[in-house]
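First residue of the sequence shown? That's 3 in my numbering, and the numbers climb one at a time after it.
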Amino acid sequence: MDQKCGLINQNNPCRCHRKTKGFIEAGWVNPKQIQFSGTRLKKIKEAAPGKSKIFDEFCQAGYTDLLRMNPYFETPKELLSKVLHSLEIV
3 MDQKCGLINQ NNPCRCHRKT KGFIEAGWVN PKQIQFSGTR LKKIKEAAPG KSKIFDEFCQ
63 AGYTDLLRMN PYFETPKELL SKVLHSLEIV
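Below, the structure written as structure tokens:
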């Protein structure tokens with residue numbers, strides 16, 4: 003994208019006016035200067051550290067415990083036998 007897209011690099015030729023309509027309406031692209039809006043990028047920069055911290059904490063602390071709390075169900079032997087016998091073995 004960096005070599006063609008004017009939204010990423012203003013020196014590039016493409017502005018994709020048809021595709022940017024939704025981005026403009028959402029406030030992600032400034033219609034007076036067809037590039038991603040600096041205010042939107044600042045919001046992402048500000049939000050990202052907090053979001054990644056929440057995700058990191060979940061992965062480190064809660065994920066293992068969450069999996070261990072899931073119930074383990076024994077498959078009835080009759081059902082297992084039916085499934086195994088119904089499969090085509092190539």
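C-beta: ideal position from N, C-alpha, C; glycine also. Being a predicted model, the structure only gives us computed values, none of them experimental.
Let me know the secondary structure DSSP gives residue i once reduced to three states.
i            : result
cysteine 16  : strand
glutamine 62 : helix
How long is the line joining the alpha carbons of residue i and residue j, rounded to whole angstroms?
i                : j                : result
phenylalanine 25 : lysine 45        : 15 Å
tryptophan 30    : glutamine 5      : 21 Å
leucine 69       : alanine 28       : 38 Å
serine 83        : threonine 77     : 10 Å
alanine 50       : cysteine 61      : 16 Å
leucine 89       : phenylalanine 75 : 22 Å
lysine 23        : proline 33       : 9 Å
histidine 87     : lysine 79        : 12 Å
Any heavy atom of the ligand ATP closer than 8 Å to the Cβ of residue i?
i         : result
lysine 79 : Among the ligands in the structure shown, none appear at all, so the ligand ATP cannot be discussed.
Between which residues of its own chain and residue i is the CB-CB distance below 8 Å, once the five residues before and five after are set aside?
i           : result
cysteine 18 : Cys7, Gly8, Leu9
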